[in-house]
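Below you'll find the structure, written out as structure tokens, and then a few comments.
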């Protein structure tokens with residue numbers, strides 16, 4: 001028999017078993033390479049984070065006395081940050097990044113090799129299934145007398161070989177398989193080239209010592225089939241029945257491998273994106289750190305703020321836990337209520353309250369059992385008496401009105417049950433009321449001192465607000481401001497006396513009048529030196545009112561200057577009001593303003609009075625026109 005089956009082109013059939021073994025080894029190498037790449041990438045991320053945490057130490061190491069600090073700008077560096085023992089330098093970070101890149105490249109190469117071997121296995125399998133179409137003519141002639149088609153028989157034998165390859169696949173993926181040994185040592189190694197050695201170890205796994213190739217076994221078994229045709233046909237038929245399951249398993253394995261490759265590519269993409277996001281976050285953090293003001297870099301203040309934030313976070317966490325506990329308790333209460341309603345309905349009650357009302361104690365149950373027992377005994381006695389012939393004649397007569405008596409008995413039982421339920425409810429209410437009596441007495445006793453304290457605080461608040469026992473009807477704030485108003489009135493009286501020829505002065509109103517301003521404690525009166533009486537400011541004429549208002553403004557400016565340590569109010573603007581003054585009053589007002597101006601103050605007058613144009617040389621005139629207003633300045 002031939003050692004290799006020939007295809008139409010005359011080339012030997014590819015060794016499918018060896019390709020499967022190489023594919024298994026490549027799959028283990030790809031898994032190990034992917035795992036090593038993930039570990040290397042994680043290690044590089046940890047080193048990058050450690051270096052970012054120690055960036056302060058690197059900046060401190062670069063400081064030189066006399067050179068400005070890149071953070072605060074100071075020339076002196078009395079206490080620079082020391083480099084810690086676990087400090088990570090830039091070289092270590094770059095080395096870890098390069099190691100991760102090499103292992104990722106090795107993982108990609110292993111994945112590509114696995115994909116190539118997978119495609120090779122599929123091609124060899126398809127070729128193997130097409131072998132029956134290229135059988136030699138000698139084999140067909142030797143089996144021509146057989147009742148079974150030799151091509152069909154050879155196809156079944158080849159499918160059996162595929163089942164043997166599935167067994168090899170299961171053996172190779174078992175925990176004790178040697179195909180995974182090369183990658184196990186590389187996973188625990190930090191050598192940068194461990195991924196390449198792991199891949200080489202997997203590539204070197206060959207299917208040695210596993211017996212003859214499937215094609216050789218098929219060629220050998222063809223002679224055995226010719227000698228024992230009947231037994232081979234029966235075994236081939238059984239193998240044909242198992243073929244769909246094997247093909248389905250192989251297809252499922254191929255689909256699982258495809259999904260695994262897709263998931264691996266997705267994970268690598270997500271890992272790269274996460275690295276980019278982390279780098280961007282580190283850059284943003286560095287920029288934000290550079291923008292932090294120097295005042296916020298005080299360690300004591302930062303520690304205090306961190307403690308405050310931690311306390312707030314703890315409070316928020318406790319609040320969230322309380323909310324979750326409340327929600328959980330509410331859910332448990334709802335479920336308990338639903339279970340109680342369901343149990344009450346199952347027991348024949350309208351609601352749980354009715355079920356609780358129908359609850360009986362042990363004494364009642366014992367009495368009920370006793371009455372049931374007595375009823376059974378009475379029934380036995382009655383039945384025995386009914387056996388008497390004399391009672392038989394009575395039973396033959398018309399029946400007694402049992403329905404009415406049963407209804408009456410049922411009504412009596414219902415009334416009895418209601419009475420028992422009412423008694424239980426009344427007892428429960430009496431117990432609760434008795435407990436509430438003690439609670440009410442304790443609460444009432446504790447309320448007396450609190451009520452006394454509340455009354456005292458309410459009286460004090462009314463006194464401060466100008467109500468209650470406040471004889472002056474003046475709030476505390478107005479009482480304090482009244483002293484300032486007296487000072488302003490005294491300062492304004494000097495100005496008003498000069499403007500009015502010594503006739504008027506202003507005084508604080510401390511009388512008993514109860515208008516809105518009097519209750520606020522901000523009332524004023526005008527003392528008329530000609531009449532010797534005080535009268536309200538509302539009795540002044542328009543010009544006199546303007547003089548009083550101007551005097552108050554000047555007096556307020558004087559008081560403010562005195563209270564502010566002698567800082568004078570250098571500018572004063574007076575708007576309108578001059579038209580209400582007679583010529584003599586206007587002269588008095590202008591004399592006062594001239595005194596202010598001669599004392600170094602700037603006095604601005606806004607008015608339409610024509611006489612003021614002759615008195616004030618420095619003017620700013622606004623002229624209206626159809627195209628807008630114009631400003632003319634005269635100095």
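Residue numbers (the UniProt record's numbering): 1 to 635.
The beta carbon of each residue, even a glycine, is placed where N, CA and C say it ideally should be.
Rounded separation between residue i and residue j - CA only
i           : j           : result
residue 319 : residue 330 : 16 Å
residue 281 : residue 115 : 36 Å
residue 459 : residue 533 : 38 Å
residue 333 : residue 362 : 29 Å
residue 581 : residue 470 : 42 Å
residue 89  : residue 51  : 6 Å
residue 119 : residue 45  : 36 Å
residue 640 : residue 97  : Lying outside 1 to 635, the shown extent of the chain, residue 640 is not represented and no answer is given.
residue 627 : residue 570 : 36 Å
residue 635 : residue 618 : 5 Å
residue 244 : residue 255 : 16 Å
residue 271 : residue 91  : 23 Å
residue 504 : residue 584 : 15 Å
residue 380 : residue 388 : 14 Å
residue 309 : residue 300 : 14 Å
residue 620 : residue 632 : 6 Å
residue 528 : residue 451 : 53 Å
residue 287 : residue 55  : 13 Å
residue 193 : residue 42  : Here residue 193 scores only 40 on pLDDT, less than 50, and its place in the model should not be relied on; the value that follows carries that caveat. Straight-line Cα distance between these residues: approximately 17 Å.
residue 305 : residue 438 : 49 Å
residue 592 : residue 600 : 13 Å
residue 423 : residue 385 : 40 Å
residue 440 : residue 326 : 29 Å
residue 472 : residue 622 : 51 Å
Beta-carbon separation (whole angstroms), residue i vs residue j, contact threshold 8 Å
i           : j           : result
residue 110 : residue 26  : 7 Å
residue 609 : residue 565 : In fact, because the Cβ distance is near 37 Å, the residues do not count as touching under 8 Å.
residue 22  : residue 117 : 6 Å
residue 34  : residue 253 : The Cβ separation is near 19 Å, so there is no contact.
residue 59  : residue 70  : 7 Å
residue 344 : residue 351 : 6 Å
residue 506 : residue 538 : Their Cβ separation, rounded to whole angstroms, is 14 Å, which puts residue 506 and residue 538 out of contact at 8 Å.
Closest Cα partner of residue i within the set the options
i           : options            : result
residue 31  : 104, 554, 375, 119 : 104
residue 530 : 545, 508, 501      : 501
residue 637 : 491, 492, 466      : The structure shown has nothing for residue 637, since the chain only spans 1 to 635.
residue 483 : 461, 471, 464, 509 : 509
residue 612 : 594, 339, 548      : 594
residue 28  : 67, 123, 113       : 113
residue 279 : 48, 444, 305       : 48
residue 596 : 495, 36, 249, 542  : 495
residue 24  : 257, 248, 62, 43   : 257
residue 498 : 631, 452, 587      : 587
residue 456 : 436, 620, 468      : 468
residue 64  : 451, 78, 55        : 78
residue 38  : 274, 384, 123      : 274
residue 589 : 341, 420, 546, 355 : 546
residue 72  : 42, 298, 454       : 298
residue 368 : 339, 42, 526, 417  : 417
residue 425 : 360, 402, 62, 385  : 360
residue 353 : 461, 421, 541      : 421
residue 337 : 447, 284, 355      : 355
Residue i burial status per 10 Å Cβ neighbour count (16 or more: buried)
i           : result
residue 121 : buried
residue 615 : exposed
residue 276 : exposed
residue 155 : Only weak support exists for where residue 155 lies, its pLDDT of 49 falling under 50; the value from the coordinates is given anyway. With 16 or more Cβ atoms within 10 Å of its Cβ, residue 155 is classed as buried.
residue 223 : Confidence at residue 223 is low in this model, with a pLDDT of 41, below 50, so its placement is unreliable and no value can be given for it.
residue 289 : exposed
residue 269 : exposed
residue 66  : exposed
residue 36  : buried
residue 544 : buried
residue 557 : buried
residue 493 : buried
residue 124 : buried
residue 445 : exposed
residue 454 : exposed
Neighbour flag for residue i against chain C, beta carbons, 8 Å
i           : result
residue 456 : Given the protein chain composition of this structure (a single chain), no chain C is represented.
At least 3 beta-carbon pairs within less than 8 Å: the stretch 559 to 567 vs the stretch 519 to 535: No, they do not touch.
At least three beta-carbon pairs within less than 8 Å, the stretch 597 to 614 to the stretch 572 to 589: Look at the beta carbons and you see the stretch 597 to 614 touching the stretch 572 to 589: at least three pairs across the two are nearer than 8 Å.
Sufficient close CB pairs (3 or more, under 8 Å) joining the stretch 363 to 378 to the stretch 425 to 433: No: the two stretches stay apart, fewer than three of their Cβ pairs being nearer than 8 Å.
Three or more C-beta pairs below 8 Å linking the stretch 547 to 559 and the stretch 484 to 499: By the criterion of at least three beta-carbon pairs nearer than 8 Å, the stretch 547 to 559 is in contact with the stretch 484 to 499.
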